[in-house]
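Per full-length UniProt numbering: the sequence shown = residues 1 to 507.
Ideal Cβ placement from N, Cα and C applies to all residues, glycine included.
Shown next, in C-alpha cells, is the structure this report addresses.
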Amino acid sequence: MELETIPRRHPVNASVANSGAISRPLMRCYHMLPSNRKLILFICEALIIFFVYTSLFGMLEKDALPGSQVFALMLLYALAYIAGKLVSLIWLPPLLGMIAAGFVFQKVPFDTYNHNISRQWAFNLRSAAFVIILLQAGLELNTKKIETLDLVAYRLAFLPCVIEIITSTISSHFLMQLPWSWSIMFGFIISGVSSTILFPSLIHVQERTMINKRGLPSFLTATASLNNALSIIGFSAMLAPSFSGNEPTIFVATKFITDFGSGVLGGSIFGYLFCHMLRSQSNSSKKTMLPFYHTALIFLGGFTGLFLAKKFDVLGAGPIICFMLGFITSLIWKGKPQHLEDIKEILNVIWNLIQPIFFGLVGSEVSLDELDTDLGSMILALLIGFECRVLSTTFGSCGGHFSMKNKFFISATWFSKSTLQAAAAPLVLEYASNKETEIKEYAVKVLVGSVLSILITAPIGAVLITKFGPMLLTHENDRSEPDPLEENIAEANNTSFRPRQIEDTYF
Numbered sequence: 001m002e003l004e005t006i007p008r009r010h011p012v013n014a015s016v017a018n019s020g021a022i023s024r025p026l027m028r029c030y031h032m033l034p035s036n037r038k039l040i041l042f043i044c045e046a047l048i049i050f051f052v053y054t055s056l057f058g059m060l061e062k063d064a065l066p067g068s069q070v071f072a073l074m075l076l077y078a079l080a081y082i083a084g085k086l087v088s089l090i091w092l093p094p095l096l097g098m099i100a101a102g103f104v105f106q107k108v109p110f111d112t113y114n115h116n117i118s119r120q121w122a123f124n125l126r127s128a129a130f131v132i133i134l135l136q137a138g139l140e141l142n143t144k145k146i147e148t149l150d151l152v153a154y155r156l157a158f159l160p161c162v163i164e165i166i167t168s169t170i171s172s173h174f175l176m177q178l179p180w181s182w183s184i185m186f187g188f189i190i191s192g193v194s195s196t197i198l199f200p201s202l203i204h205v206q207e208r209t210m211i212n213k214r215g216l217p218s219f220l221t222a223t224a225s226l227n228n229a230l231s232i233i234g235f236s237a238m239l240a241p242s243f244s245g246n247e248p249t250i251f252v253a254t255k256f257i258t259d260f261g262s263g264v265l266g267g268s269i270f271g272y273l274f275c276h277m278l279r280s281q282s283n284s285s286k287k288t289m290l291p292f293y294h295t296a297l298i299f300l301g302g303f304t305g306l307f308l309a310k311k312f313d314v315l316g317a318g319p320i321i322c323f324m325l326g327f328i329t330s331l332i333w334k335g336k337p338q339h340l341e342d343i344k345e346i347l348n349v350i351w352n353l354i355q356p357i358f359f360g361l362v363g364s365e366v367s368l369d370e371l372d373t374d375l376g377s378m379i380l381a382l383l384i385g386f387e388c389r390v391l392s393t394t395f396g397s398c399g400g401h402f403s404m405k406n407k408f409f410i411s412a413t414w415f416s417k418s419t420l421q422a423a424a425a426p427l428v429l430e431y432a433s434n435k436e437t438e439i440k441e442y443a444v445k446v447l448v449g450s451v452l453s454i455l456i457t458a459p460i461g462a463v464l465i466t467k468f469g470p471m472l473l474t475h476e477n478d479r480s481e482p483d484p485l486e487e488n489i490a491e492a493n494n495t496s497f498r499p500r501q502i503e504d505t506y507f
C-alpha cells in the first residue's frame with residue numbers, strides 16, 4: 001500500500017545539499033524556521049495586534065496610553081505572543097513562553113503595567129478562555145465515535161484518570177496540607193489531558209514518519225475527550241464542597257446537588273433550545289451562517305452562565321452549563337458533522353486570538369514568594385500522581401491491538417497538562433478572593449500546583465512525543481492487517497485525522 005507523503009516544509013536544492021555547501025548544523029537550523037505559510041500568518045497576526053491597539057488609541061486616546069489598563073493588556077498580549085512564537089521554534093509548546101512572559105511581566109520594568117490590570121478584567125478574559133475550553137470539551141464528545149470504542153479504549157480513558165485523581169488527592173492532602181475536599185478538587189484539575197500538547201505533537205510525528213492517515217490519533221482524540229469530560233465534571237462538582245467551609249454536612253450535600261443539578265438542567269435546556277431554533281433553518285438558503293450564529297449563542301450563553309453562577313453563589317453550575325452546551329450541540333447535530341466542524345473551527349480561531357493573553361495572565365498570577373511555599377512538597381505530590389498515571393496507562397493498554405512500542409507511545413502522550421489546569425486554577429483563586437484567609441491559602445496552593453504541573457509535564461510530553469514518536473509508532477505498511485478498532489473510529493468520524501486544522505493552532 002502506497003503511503004501518502006507530506007512534502008518538506010523547506011525544499012532545498014539537491015545538488016547544493018549533497019555538495020556539502022550547507023553543513024549539517026546549518027541544515028538543522030534551516031529546517032527549524034517556520035514555513036512560508038506560517039510566516040505569512042505571523043505577519044497577519046502581528047498586524048492585527050498593531051491595528052487593534054491603534055484603533056483603541058483612536059477611540060480612547062489618553063485612556064490607551066502607558067499607565068492605562070488597555071495599554072497594559074496590549075503590552076502583555078504582545079509579550080506573550082512573541083514569547084510563544086520564539087518557544088515554538090524549538091518545538092516546545094508555545095504556552096510555556098506565554099506563561100513565562102506573564103511571569104516576567106510582574107517584574108521590573110513591567111511591574112508598573114502589571115498593577116494597571118484590574119482583577120475584574122483579568123477574571124473576565126480568563127473566563128472567556130475557560131468557556132471556550134469547556135465548549136470544546138463538550139463538542140469533542142462525539143457519540144458516534146464513542147459508540148465504536150471497545151473495552152480497552154474505555155479502560156484507557158478512565159483508568160489512568162481515576163488512578164491519578166486518587167493518588168493526587170492522597171498526596172496533596174498529606175504533602176500540601178490541603179483539606180480532603182480541596183485535595184479531591186485538585187486531583188480532578190490535575191487529571192486533565194492537554195489537547196494543545198497532544199495534537200500538535202502528533203502532527204509533528206506524522207511529518208517525521210511521512211504518514212498522513214493514521215488511526216491512532218483518532219483513537220487518542222476519542223479517549224482524551226472522555227478523560228477530560230470526567231475531569232471537568234468532577235472539578236465542577238467539587239467546587240461547592242470546597243467553598244462550603246465548616247458548614248453542616250446536610251448543607252454541603254444540598255448545595256452539591258443544587259449546583260450540579262442546576263448546571264446540567266440549565267445547560268441542557270438552553271443547548272436544546274439553541275439547536276432547535278437553528279435546525280429549523282438548516283434547509284434555508286442562508287444556512288452557511290448557521291455555524292456563526294450557533295457559536296455566538298453557545299459562547300455567550302456559557303459566558304453568561306459562568307458569571308450568573310458566581311453572582312448567585314452556585315459556583316459548580318457555571319462550568320457544567322458551558323460543558324453541557326457543547327455536549328448537547330454535539331449530540332443533536334451528530335447527523336451533520338460539517339456543522340459541528342464549522343463550530344469547532346470558529347472556536348479555534350477565537351482560542352488562537354485569546355490564548356496569549358490567557359496564558360500571560362496565568363503566569364502573572366504566580367509570584368516567587370508563592371513558589372517558595374511548600375515547593376518541594378508540591379513537586380513530590382505531582383510526581384507521585386504523574387508516575388501512577390504513566391504506569392496505569394501502560395497497564396490499561398494491555399489486551400488491545402497495540403504493539404509494545406505503541407503502549408510506550410500512549411503512555412508518553414497521556415500525562416501532559418496545560419489548558420484545564422491553566423483555566424480552572426485561576427478561577428478557583430478568583431472565587432476565593434472574597435473568602436477568609438485560610439481559603440485563599442488553599443486556592444494559592446492549587447494555583448501554584450497547577451502551574452507547576454504545566455511547567456513539568458508540557459515540555460517533557462512534547463519532547464517525548466516529537467523525538468520518540470517516530471521510533472515508537474509502527475508504519476502503516478508494516479502492518480499485516482488493519483486494526484478493526486481504527487477502522488471503526490475512522491468510519492464513525494466520517495473523516496480522517498486532519499493535520500491542517502490543528503497545525504494552524506500551533507506555531
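Review point. By a C-beta neighbour count over all protein chains shown, 10 Å radius and 16 as the cutoff for buried, is S450 buried or exposed?
Key: buried
Review point. Any idea what DSSP makes of K334, helix, strand or coil?
Key: coil
**Study point:** Segment contact flag, the region 88-104 with the region 265-285, C-beta cutoff 8 Å, min 3 pairs
**Key:** no
Check your understanding: In three-state DSSP terms, what is A432?
Key -> coil
Review point. When the distance is taken between beta carbons, is L141 closer than 8 Å to S268?
Key: no
Practice item. Just confirm the distance between the C-beta atoms of L230 and G396, as a whole number of angstroms; I'd bet it's less than 8 Å. Key: Contact flag wrong, Cβ pair sits at about 14 Å.
**Study point:** DSSP state of M176 mapped onto helix, strand, coil
**Key:** coil
Review point. Taking contact to mean at least 3 C-beta pairs separated by less than 8 Å, is the region 461-469 in contact with the region 434-442?
Key: no
Point to revise | Test: N227 CB closer than 8 Å to a CB of chain B | key: Any reference to chain B falls outside this structure, which holds one protein chain only.
Review point. By Cβ distance below 8 Å, which residues in the same chain neighbour S118 in space, the five residues on each side in sequence not counted?
Key: Counting only Cβ-Cβ distances below 8 Å, and skipping sequence neighbours, we find Q69.
Review point. Leaving out the 5 sequence neighbours to the left and right, which residues in its chain are closer than 7 Å to F57 when beta-carbon positions are compared?
Key: Within the same chain, F57 has close Cβ partners A64.
Review point. Do the region 184-196 and the region 399-418 meet, that is, are 3 or more Cβ pairs less than 8 Å apart?
Key: yes
Exercise for review: Give every residue of the same chain whose Cβ lies closer than 7 Å to the Cβ of D342, excluding the five residues on either side of it in the sequence, and list them in chain order.
Suggested key: P291
Point to revise | W351 - DSSP class collapsed to helix/strand/coil | key: In the three-state reduction of the DSSP assignment, W351 falls in the helix class.
Check your understanding: With distances taken from CA atoms, which of G266, A432, K407 and Q421 is nearest I465?
Key -> K407
Check your understanding: For R126 versus A423, is the C-beta distance shorter than 8 Å?
Key -> Yes, they are a contact pair.
Exercise for review: Could you tell me if D259 is buried or exposed, where buried requires 16 or more neighbouring beta carbons within 10 angstroms of its beta carbon?
Suggested key: buried
Point to revise | For Q136 and G326, believed in contact at Cβ under 8 Å, the rounded distance | key: Between Q136 and G326 the Cβ distance is about 7 Å, and since that is below 8 Å, they are a contact.
Check your understanding: Hey, G301 and G318 are a contact pair by Cβ (cut 8 Å); roughly how many whole angstroms apart?
Key -> 11 Å between Cβ atoms; not a contact.
Check your understanding: Just how far apart, CA to CA, sit P66 and F199?
Key -> 38 Å
Review point. Do you know whose CA, among K255, I90, G102 and Q338, lies nearest M289's CA?
Key: Q338
Review point. According to the neighbour-count rule (16 or more other Cβ atoms, all chains shown, within 10 Å of its Cβ), is residue 561 buried or exposed?
Key: Nothing in the structure corresponds to residue 561, since the chain is present only between 1 and 507.
Check your understanding: Measuring from the CB of A317, is there a heavy atom of the ligand GDP at a distance below 7 Å?
Key -> Inclusion of the ligand GDP in the displayed structure is not the case, the ligand content being empty and no account of it being possible.
Check your understanding: Between L139 and the rest of its own chain, which residues show a CB-CB distance below 7 Å, the 5 nearest in sequence each way excluded?
Key -> Excluding five sequence positions before and after L139, the CB atoms of its chain that fall closer than 7 Å to its own CB belong to G326, T329, S330, L340, I343 and K344, given in chain order.
Exercise for review: Report all residues from its chain with a CB closer than 7 Å to the CB of S242; omit the five preceding and five following residues, and keep chain order.
Suggested key: S181, W182 and M185
Review point. M238 to F123, Cα distance in whole Å?
Key: The alpha-carbon separation between M238 and F123 amounts to approximately 20 Å.
Check your understanding: To the nearest angstrom, how far is it from the Cα of V314 to the Cα of G245?
Key -> Rounded to the nearest whole angstrom, the CA to CA distance from V314 to G245 is 15 Å.
Review point. How do the region 353-369 and the region 72-82 stand: do at least 3 beta-carbon pairs fall below 8 Å, yes or no?
Key: yes
Practice item. Spatial neighbours of I456 within its chain, please: CB distance less than 7 Å, with the 5 preceding and 5 following residues excluded, ordered by chain position. Key: Excluding residues up to 5 positions away in sequence, L382 lie with their Cβ nearer than 7 Å to the Cβ of I456 in the same chain.
**Study point:** Cα-Cα separation between L159 and T148, rounded to whole angstroms
**Key:** 18 Å
Check your understanding: Rounded to a whole number of angstroms, what is the C-alpha to C-alpha distance between E247 and L134?
Key -> Straight-line Cα distance between these residues: approximately 29 Å.
Practice item. Note down, in chain order, each residue of its chain lying with its Cβ closer than 6 Å to the Cβ of G187, except the 5 sequence neighbours on either side. Key: I165, S168 and T169
Point to revise | Whole runs of the alpha helix (DSSP H) within the region 270-335, excluding any shorter than 4 residues | key: 290-311 and 317-332
Exercise for review: List the whole-angstrom C-beta distance separating L76 from G102, where the pair is believed to meet the contact cut-off of C-beta under 8 Å.
Suggested key: 7 Å
Exercise for review: Using beta-carbon positions only, say whether F323 and I232 come within less than 8 Å of one another.
Suggested key: yes
Check your understanding: Considering only the beta carbon of each residue, do S377 and L47 sit closer than 8 Å?
Key -> Result no, Cβ atoms of S377 and L47 do not sit closer than 8 Å.
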